[in-house]
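Asks: Can you keep this structure in mind? I'll have questions shortly.
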Amino acid sequence: MAVRSVYRSLLYALLIILSLFYLMPVYVMLITSLKPLDQITLSQMWELPHSLDFSSYQQAFERLSPNFMNSISLVVPATLLSALLGSLNGYVLSKWKFKGADWIFTAILFGMFIPYQSILIPLIQFLREVGLYNTIPGLIFVHVVYGIPITTLMFRNFYASIPEEMIESAKIDGAGIFKIYQHIIAPLSITGFVVVGIWQFTNIWNEFLFAVTITTSSQQPIMVALQNLSGSQIVQWNVQMAGALLAALPTLLVYIFLGKFFVKGLLAGSVKG
């Protein structure tokens, strides 16, 4: 018992040290955002501000608020659509086996390994042709398409844990593919949708490459606008750090309120390979 107690104490001490190390950048961001510009120097990086100054948050919010709404308009429909399509794909590929299903699943997964950079030029040309370049719907389309492989994988593995007897019983009762999905699969998929939703929300919210190449000016999401806060001559570090914290707030709130469902979904095997 004594050895176990010592081991547990050492483990907790190590976890605390690692947590402090991980939180150091957050601490620097927070105190920098609360300092006036003349107090921000490399030698005073770790020092607390002499007085709290929230003007940097006001400036950051005024400059980022239009782009914040762009990100909301992008992330919500893109997350819902990619989750729904992934759910339907995972349901069909796991519960309605047909000839070539495994090959189709492999082909869908192949999309996960296509680098963004390799398809940027043809993607932009395609979006120009269909009139979606420099639009939020164009970005939604891109993220939905790129999200289908990972969401399909998550839901397929999640549905694999649902007993086949439930599906067979519904078939005997005369239910078709969509009735079974509506009345059996969908109600059991809440945890899976939460896991996929958090995954997609975080990835789409933080994505930069598609956002900076497909949209310009007023259509840009918040992550591109955050980069523009750096300025051209003088970097206002307090405003930039305040903007970074504001940009990270939505994903933080998502994990705070849905984190327990995310862990539950992981343990249920929804992302288990």
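Quick note: the sequence shown uses the numbering used here, first residue -16, plus one each step.
The C-beta atom is built at its ideal place from N, Cα and C for all residues, glycine as well.
In angstroms with no decimal places, state the Cα-to-Cα distance between ILE123 and LEU57.
Replies: Residue 123 sits at position 140 when you count from the first residue of the sequence shown. Residue 57 sits at position 74 when you count from the first residue of the sequence shown. For ILE123 and LEU57, the distance between alpha carbons rounds to 6 Å.
Asks: Tell me which same chain residues have a C-beta within less than 8 Å of the C-beta of GLY73, skipping the five on either side of it?
Replies: Indexing the sequence shown from 1 puts residue 73 at position 90. Closer than 8 Å at the Cβ level, and outside the excluded window around GLY73, lie THR134, THR135, LEU136, MET137, PHE138, ARG139, ASN140, PHE141 and TYR142.
Asks: Within 10 angstroms of its Cβ, does VAL(-14) collect 16 or more other Cβ (buried), or is it exposed?
Replies: By one-based count along the sequence shown, residue -14 stands at place 3. Label assigned to VAL(-14): exposed.
Asks: Report the rounded CA-to-CA distance for THR15 versus LEU47, giving the unit in angstroms.
Replies: Your numbering for residue 15 matches position 32 in the sequence shown. Your numbering for residue 47 matches position 64 in the sequence shown. Going by the C-alpha atoms only, they are around 18 Å apart.
Asks: Below 6 Å CB to CB, which residues in the same chain sit around GLY256 once its five sequence neighbours on both sides are set aside?
Replies: As a first step, residue 256 is located in the sequence shown; it is residue number 273 there, counting from the start. Confidence in GLY256 is poor, its pLDDT being 41 and thus under 50, which makes the residue's placement unreliable; the coordinate value appears in the next sentence. Hits under 6 Å: none found.
Asks: Could you give the distance in angstroms between the alpha-carbon of SER200 and the alpha-carbon of ALA208?
Replies: What you label residue 200 is simply residue 217 of the sequence shown in a count that begins at 1. What you label residue 208 is simply residue 225 of the sequence shown in a count that begins at 1. SER200 and ALA208: Cα-Cα distance of roughly 9 Å.
Asks: For SER172, is the classification buried or exposed, using 16 other Cβ atoms within 10 angstroms of its Cβ as the cut-off for buried?
Replies: Position 189 of the sequence shown, counting from 1, holds the residue named residue 172. Burial call: buried.
Asks: Would you mind sorting TYR116 into buried or exposed? The rule is 16 or more other CB atoms within 10 Å of its CB.
Replies: Translated into the one-based positions of the sequence shown, residue 116 becomes position 133. TYR116 comes out buried.
Asks: Ignore the nearest five residues each way along the sequence and tell me which others in ILE107's own chain have a CB closer than 7 Å to its CB.
Replies: Looking up residue 107 in the sequence shown gives position 124. Apart from sequence neighbours up to five positions away, the residues of its chain that approach ILE107 with a beta-carbon distance below 7 Å are TYR116, THR196 and ILE197, ordered along the chain.
Asks: Tell me whether GLU30 sits in a helix, a strand or coil according to DSSP, three-state version.
Replies: Numbered from its first residue, the sequence shown carries residue 30 at position 47. Of the three classes helix, strand and coil, the one that applies to GLU30 here is coil, per DSSP.
Asks: Less than 8 Å between the C-beta atoms of LEU222 and SER2, yes or no?
Replies: The sequence position of residue 222 within the sequence shown is 239, counting from 1. The sequence position of residue 2 within the sequence shown is 19, counting from 1. This sequence places Val at residue 222; Leu is not what is there. Contact: no.
Asks: Determine the burial state of GLU257: buried for a count of at least 16 other Cβ atoms within 10 Å of its Cβ, exposed for fewer.
Replies: Examination of residue 257 is not possible in this model, given that the chain is present from -16 through 256 alone.
Asks: Output yes or no for whether 8 Å exceeds the beta carbon distance between LEU241 and ILE187.
Replies: Here residue 241 corresponds to residue number 258 of the sequence shown, with the count starting at 1. Here residue 187 corresponds to residue number 204 of the sequence shown, with the count starting at 1. Inclusion of LEU241 and ILE187 in the CB contact set at 8 Å is not warranted, their separation being larger than that value.
Asks: Thinking C-alpha only, which one of ILE205, PRO204 and VAL178 is nearest LEU63?
Replies: Taking the sequence shown and counting its residues from 1, one reaches residue 63 at position 80. Residue VAL178 is the option with its Cα nearest to LEU63.
Asks: Do ALA231 and VAL127 have their C-beta atoms within less than 8 Å of each other?
Replies: Sequence index remark: in the sequence shown, residue 231 carries index 248 (1-based). Sequence index remark: in the sequence shown, residue 127 carries index 144 (1-based). No, the pair does not count as a contact, with Cβ atoms beyond the cut-off.
Asks: Return the residue from the list GLN22, GLN42 and LEU31 that minimises the CA-CA distance to ALA225.
Replies: Position 242 of the sequence shown, counted from the first residue, corresponds to residue 225. Closest option to ALA225, Cα to Cα, is GLN42.
Asks: Between the Cα of MET28 and the Cα atoms of TRP220, GLY69 and ARG111, which residue gives the shortest distance?
Replies: As a working note, residue 28 is residue 45 in the sequence shown. Ranking the options by Cα distance to MET28, first place goes to TRP220.
Asks: DSSP three-state call for VAL237: helix, strand or coil?
Replies: Working through the sequence shown from its first residue, we reach residue 237 at position 254. Of the three classes helix, strand and coil, the one that applies to VAL237 here is helix, per DSSP.
Asks: I need the DSSP call for ALA143, collapsed to helix, strand or coil.
Replies: Taking the first residue of the sequence shown as position 1, residue 143 is located at position 160. Coil at ALA143, not helix or strand.
Asks: Measure the C-alpha to C-alpha separation of VAL67 and TYR129 and round it to an integer number of angstroms.
Replies: Numbered from its first residue, the sequence shown carries residue 67 at position 84. Numbered from its first residue, the sequence shown carries residue 129 at position 146. The sequence as given places Leu at residue 67; Val does not occur at that position. About 14 Å.
Asks: Sorted by chain position, which residues of the same chain lie with C-beta nearer than 6 Å to PHE193's C-beta, five sequence neighbours on each side aside?
Replies: For this step, residue 193 is matched to residue 210 along the sequence shown. Once the five neighbours on either side are set aside, the close Cβ partners of PHE193 are VAL125.
Asks: For ILE131, which of ILE87, LEU235 and PHE44 has the nearest alpha-carbon?
Replies: Counting from one through the sequence shown, the residue named residue 131 turns up at place 148. For the residues ILE87, LEU235 and PHE44, the minimum Cα distance to ILE131 belongs to ILE87.
Asks: Ordered along the chain, which non-local residues of its own chain (more than five positions away) have a Cβ less than 7 Å from that of SER213?
Replies: In the sequence shown, counting from the first residue as 1, residue 213 sits at position 230. Hits under 7 Å: GLN223.
Asks: Please state the DSSP three-state secondary structure of LEU115.
Replies: Numbered from 1 along the sequence shown, position 132 holds the residue referred to as residue 115. Three-state DSSP puts LEU115 in coil, outside helix and strand.
Asks: Tell me the DSSP secondary structure of ALA90 in three-state form.
Replies: Here residue 90 is taken as the residue at index 107 of the sequence shown, counted from 1. Helix.
Asks: From ALA227, THR185, GLN202 and MET206, pick the residue whose C-alpha is nearest to that of THR234; which is it?
Replies: Locating residue 234 in the sequence shown gives position 251, counting from the first residue. The residue with the shortest Cα to Cα distance from THR234 is THR185.
Asks: With a 10 Å radius around its C-beta and 16 neighbouring C-beta atoms as the bar for buried, classify LEU76 as buried or exposed.
Replies: Looking up residue 76 in the sequence shown gives position 93. A residue is called buried once 16 or more other Cβ atoms fall within 10 Å of its Cβ, and LEU76 is buried on that count.
Asks: Please list, in chain order, all residues of the same chain as GLY252 whose beta carbon is under 7 Å from its beta carbon, the five residues on each side excluded.
Replies: Sequence index remark: in the sequence shown, residue 252 carries index 269 (1-based). Residue placement at GLY252 is poorly supported in this model, since its pLDDT is 49, which falls under 50; the coordinates still yield a value, given next. Cβ within range, chain order: ASN140, PHE141 and SER144.
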